[in-house]
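See below for the structure under consideration.
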DNA sequence: TCTCAAACGTA
DNA sequence: CGTACGTTTGAGAA
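Numbering (my numbering), first residue to last: 740 to 1643.
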């Protein structure tokens, strides 16, 4: 390193444990969680602090020092060292590991040193920096760090929380304590340090200590003259000289630890933004902290990374044919775009070639420009977008069409790394395309919009356009990045080419078709259900005699556990649960004549009926003029590869209860069609389990023709199949499905309401007879731990970094996910293959009948007159032979005028 | 106006 | 202390 480089080196040294601990207490533990029960408040606060300090202090090098668990040499000197501290709060556990993960992603070095404390690491590095003439900044709440302050060493002491810091320079130390920094350990030895359980000289505080030290120069000088000191304090000092000497020994920082010498080891810039965002996703961190990630921390130098930041690049306002021509340039062909329905500007489009970007307000386009734009979109050699179906449908509404060469980057990104927080255009632009964005402006109130001046309004529109243009522009590098990544991942290429990309068009078509609703039936049902809701409300209200919102768990808690003084239910974060299971249990413990019992009956009735009413209201909101509802099948929502259905969700329409089923009666074959056909896979997950585990018993179960759960139960309980009673069957069934979810003996006992011992025996008995299943499950987790991912039968991956976490909860959660993902994911693969087959065969046969819905293991088809036999054949065959497992794929088919009737 | 937790529907 | 989702609601933050 050259002399000029070393001139402006600044190393930031952080006491990791101390700061994490402060962050933990500064932020509410239950306010920050990764969504899986792991608190992340300390991780968040620490990361926030790091970002702030790096942004404001601009260090060139950073190191974070952590204490190791177990003792240090200081504990051997004094066995009470740091004694008397409270237990580490449970919610703090695991957060240090997570902080280390964040630091790794940021490329920030963190250090530990066997037998020494974080302070010694900091002392060593600070001393080195000083010797080299470099600056050092220490962030620590530990007072032992004060002794390190010098001309080039500044201490940042947190005052409040972890963001407000006091700068301790030599002058500041002198002013506060009346002695120079290097004398501080002497002072501390006299005064003592309660946090470390180091008692000082009774009756001597910082003032007296400073006075003595000033008088006698330093601690040895003072001790040499201890006999001369008068008064109570003098006697006290003489009585406690041993303590003082011990304290001084304890609080001296070690400055000679053997740590990496090369300054480059600690330099900033090894960060990986994508990795950081991945970790932030995992921690469920919000947008604010992402936005504030300084480029310097990641080693991204905006000045040298190829021109100005994306949002500052020139954005062409496309307001006429010339501007459009300028934007498209000569290259014409490679485009990227992002669109939005802006509250002020209406339909806005960001359009970019690899070298230029523009913003277009579609509503104000003249016809010539609009025609030219339409031609460009249809003829482009490749158009890169996030979420092609959404863009296509948005463009269609505005009178444009996309050509055939559309590349959906969301889909590619999803297959490569499922489970991300978002795959929208901005997420791709920033995670893969190197763009960065201001936080999204919040939606203005209608009144604000009305008062807005034309200038302000235009400025807002221009900003929205600029943002879209920046997003579109960043989709080009994102696309290149995805090309590179899929190039190295043949498994992903195959899933994309053979499954997801062709399926995307099928899903779009299904969305466009929609499913017909009998609006009259819907309205009648709604009226009836609303009547039940009102009745339940009335009756429940009459019992407690006060106004209570039954939809408010908080108000319910008051009524149940205070007004009615019922026994409390299981605890949740906000008090006690009022979910149906808890309330049913509670009700069973009460006298049927009691008011509590009756209140609960009406409450449960209210819950059930308002839930059902909610479906009807929801459907009513989205039904179109032709009495059809058009769900959107989301292809990048479920990490296992399953589809999800939104607006409305038609994958969770009630089916279990008779009243719920009446809602299914409102889904009907539409005009011009004769009937609905549903076809579902029976026990597909268990069949996949049999296939993957190659368990001979389970495979035999499926080949025997016997009812699956009956067969398995007869083996588990060692009785003949006809001796299996319903209780045995249902217990076995619970184990079978529980296993695919990673169910524990505890969970099983709770679900079946049996003892732990009985649950354990049940599971052991199961594994004894179906050893292949046990071996498979074990092997799945172990393989995933080694490779880092699980795989489906088609090779679809799911990455599970938490399998090696030191945090038990995270690890065990990841293990359950690892058990379930290949099974759920393979089932998703199979029905997706089936959908491709069914759709293409129906089109090839030129049938009018058409596939409308997918509900994970079920397809719903609308059948035209005279086509039933053909459709049934295509669906049965298409689903049944979608994939060759080692057990047959059994498909059940039902026919009916309504969705309920078509069940079978 | 937005975000979160609780509750609950499906496979 | 069983996986995967989406929607609605109330409550509290901003």
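Ideal Cβ positions, reconstructed from N, Cα and C, are used throughout, including at glycine.
Note to self: Judging by CA-CA distance, which residue of 1418, 1128, 1269 is the nearest neighbour of residue 1352?
What the structure shows: Counting from 1 along the first chain, the entry for residue 1352 is found at position 613. Of the candidates 1418, 1128, 1269, the one whose C-alpha sits nearest the C-alpha of residue 1352 is 1269.
Note to self: Taking the alpha carbon of residue 1256 as the reference point, which residue from 1405, 1293, 1156 has its own alpha carbon closest?
What the structure shows: The residue given as residue 1256 occupies position 517 in the first chain. Ranking the options by Cα distance to residue 1256, first place goes to 1405.
* Which residues share a DSSP beta bridge with residue 1310? -> Indexing the first chain from 1 puts residue 1310 at position 571. Its beta-bridge partners are 1315.
For residue 1638, which three-state DSSP category applies? Walking along the first chain from the start, residue 1638 turns up at place 899. If DSSP states are grouped into helix, strand and coil, residue 1638 belongs with coil.
message: Can you check which of these residues, 937, 1453, 1609, 929, is closest to residue 950 by C-alpha distance?
response: If you number the first chain from 1, residue 950 lands on position 211. Nearest option by C-alpha distance: 929.
Exercise for review: Give, in chain order, every unbroken run of the beta strand (DSSP E) that is at least 3 residues long and sits entirely within the stretch 1346-1398.
Suggested key: 1371-1373, 1383-1385
### Message
From the DSSP secondary-structure annotation, give me the bridge partner or partners of residue 847.
### Response
For this step, residue 847 is matched to residue 108 along the first chain. None; residue 847 has no bridge partner.
Between the stretch 1605-1617 and the stretch 1397-1411, can you find at least three pairs of beta-carbon atoms closer than 8 Å?
no
Residue range of the alpha helix (DSSP H) that includes residue 1269:
Residue mapping note: residue 1269 aligns to position 530 of the first chain, counting from 1. Counting along the chain, the alpha helix (DSSP H) containing residue 1269 begins and ends at 1258-1283.
* Where are the alpha helix (DSSP H) runs, 4 residues long or more, that stay fully inside the stretch 1591-1625, in chain order? -> 1607-1619
Beta-carbon contacts of residue 740 that lie in its chain and below 6 Å, excluding the five residues immediately before and after = In the first chain, counting from the first residue as 1, residue 740 sits at position 1. Interpretation of residue 740 is limited by its pLDDT of 40, a score under 50 that renders its predicted location unreliable; the figure taken from the coordinates is listed afterwards. There are no such residues.
Contact set for residue 1649: own chain, Cβ-Cβ below 8 Å, skip 5 residues either direction:
Look at the range of the chain in this structure, 740 to 1643, and you will see that residue 1649 is not part of it.
Quick check on residue 1494: does DSSP put it in helix, strand or coil?
On the first chain, residue 1494 is found 755 positions in, with the first residue counted as 1. If DSSP states are grouped into helix, strand and coil, residue 1494 belongs with coil.
Quick check on residue 953: does DSSP put it in helix, strand or coil?
What you label residue 953 is simply residue 214 of the first chain in a count that begins at 1. DSSP places residue 953 in helix when its eight states are reduced to three.
Please say whether residue 1210 and residue 1168 have beta carbons closer to each other than 8 Å? Numbered from 1 along the first chain, position 429 holds the residue referred to as residue 1168. Numbered from 1 along the first chain, position 471 holds the residue referred to as residue 1210. Yes, they are a contact pair.
**Study point:** 6 Å CB neighbourhood of residue 1046 in its chain, flanking five on each side removed
**Key:** Indexing the first chain from 1 puts residue 1046 at position 307. Reliability of the predicted coordinates at residue 1046 is poor, the pLDDT of 38 falling under 50, and the value obtained from them is presented with this limitation in mind. Within the same chain, residue 1046 has no close Cβ partners at all.
Using only the alpha-carbon positions, how far apart do residue 1245 and residue 804 sit? As a first step, residue 1245 is located in the first chain; it is residue number 506 there, counting from the start. As a first step, residue 804 is located in the first chain; it is residue number 65 there, counting from the start. Each residue's alpha carbon lies about 54 Å from the other.
What residue range is occupied by the uninterrupted alpha helix (DSSP H) comprising residue 1200? Residue 1200 sits at position 461 when you count from the first residue of the first chain. Run containing residue 1200: 1193-1226, per the alpha helix (DSSP H) assignment.
* Cβ of residue 1336 within 8 Å of Cβ of residue 1624? -> One-based indexing of the first chain puts residue 1336 at position 597. One-based indexing of the first chain puts residue 1624 at position 885. Contact: no.
TODO: Confirm, please, whether the CB-CB distance from residue 1599 to residue 1417 is below 8 Å.
DONE: Locating residue 1417 in the first chain gives position 678, where the first residue counts as 1. Locating residue 1599 in the first chain gives position 860, where the first residue counts as 1. Closer than 8 Å, so yes.
(message) So, with DSSP's three-state summary, where would you put residue 1006?
(response) Translated into positions along the first chain, residue 1006 becomes position 267. Residue state, collapsed to three classes: strand.
Query raised in the report: Under the rule that 16 or more other beta-carbon atoms within 10 Å means buried, what is residue 979, buried or exposed?
Result: Position 240 of the first chain, counted from the first residue, corresponds to residue 979. Classification for residue 979: buried.
request  = Return the CA-CA distance between residue 1240 and residue 1441, expressed in angstroms with no decimal places.
outcome  = Here residue 1240 refers to the residue found at position 501 of the first chain. Here residue 1441 refers to the residue found at position 702 of the first chain. Taking the straight line from one Cα to the other gives about 33 Å.
Original post:
Of the choices 1118, 1464, 1036, 1054, whose alpha-carbon is the least far from that of residue 1139?
Top reply: Here residue 1139 is taken as the residue at index 400 of the first chain, counted from 1. Checking every option, the nearest Cα to that of residue 1139 belongs to 1118.
Note down, in chain order, each residue of its chain lying with its Cβ closer than 7 Å to the Cβ of residue 947, except the 5 sequence neighbours on either side.
Looking up residue 947 in the first chain gives position 208. Once the five neighbours on either side are set aside, the close Cβ partners of residue 947 are 972.
(Q) For a test of the three-state rule: what should DSSP assign to residue 877, helix, strand or coil? (A) Residue numbering aside, residue 877 sits at position 138 when the first chain is read from its first letter. Here residue 877 sits in strand by DSSP.
Next item on the list: Give a yes or no on contact between the stretch 812-822 and the stretch 756-772, applying the rule of three or more CB pairs nearer than 8 Å.
Entry: no
How big is the Cα-Cα spacing for residue 918 and residue 1183? Residue mapping note: residue 918 aligns to position 179 of the first chain, counting from 1. Residue mapping note: residue 1183 aligns to position 444 of the first chain, counting from 1. C-alpha separation (whole angstroms): 56 Å.
(request) Let me know the secondary structure DSSP gives residue 1406 once reduced to three states. (result) The residue labelled residue 1406 in the question sits at position 667 within the first chain. Looking at residue 1406 - three-state DSSP - the assignment turns out to be strand.
Q. In its own chain, which residues sit with a C-beta less than 8 Å from the C-beta of residue 797, not counting the 5 before and 5 after it?
A. By one-based count along the first chain, residue 797 stands at place 58. These residues qualify, in order along the chain: 749, 1035.
query: What do you get for residue 1653, buried or exposed, if any count of 16 or more other CB atoms within 10 angstroms of its CB means buried?
result: Residue 1653 is absent from the model: the chain starts at 740 and stops at 1643.
Exercise. DSSP three-state call for residue 899: helix, strand or coil?
Worked result: Position 160 of the first chain, counting from 1, holds the residue named residue 899. Here residue 899 sits in strand by DSSP.
message = Helix, strand or coil, according to DSSP, for residue 1250 in the structure here?
response = Taking the first chain and counting its residues from 1, one reaches residue 1250 at position 511. Three-state result, residue 1250: helix.
Along the chain, where does the beta strand (DSSP E) containing residue 1020 start, and where does it finish? As a position in the first chain, residue 1020 is number 281, starting the count at 1. Careful: residue 1020 lies outside any beta strand (DSSP E), inside the alpha helix (DSSP H) at 1012-1022.
(Q) Which complete beta strand (DSSP E) runs does the stretch 1484-1532 hold, if anything under 3 residues is left out? (A) 1528-1530
Going straight from the alpha carbon of residue 1379 to that of residue 1566, what length do you get?
-> Your numbering for residue 1379 matches position 640 in the first chain. Your numbering for residue 1566 matches position 827 in the first chain. When rounded, the distance between both Cα atoms is 10 Å.
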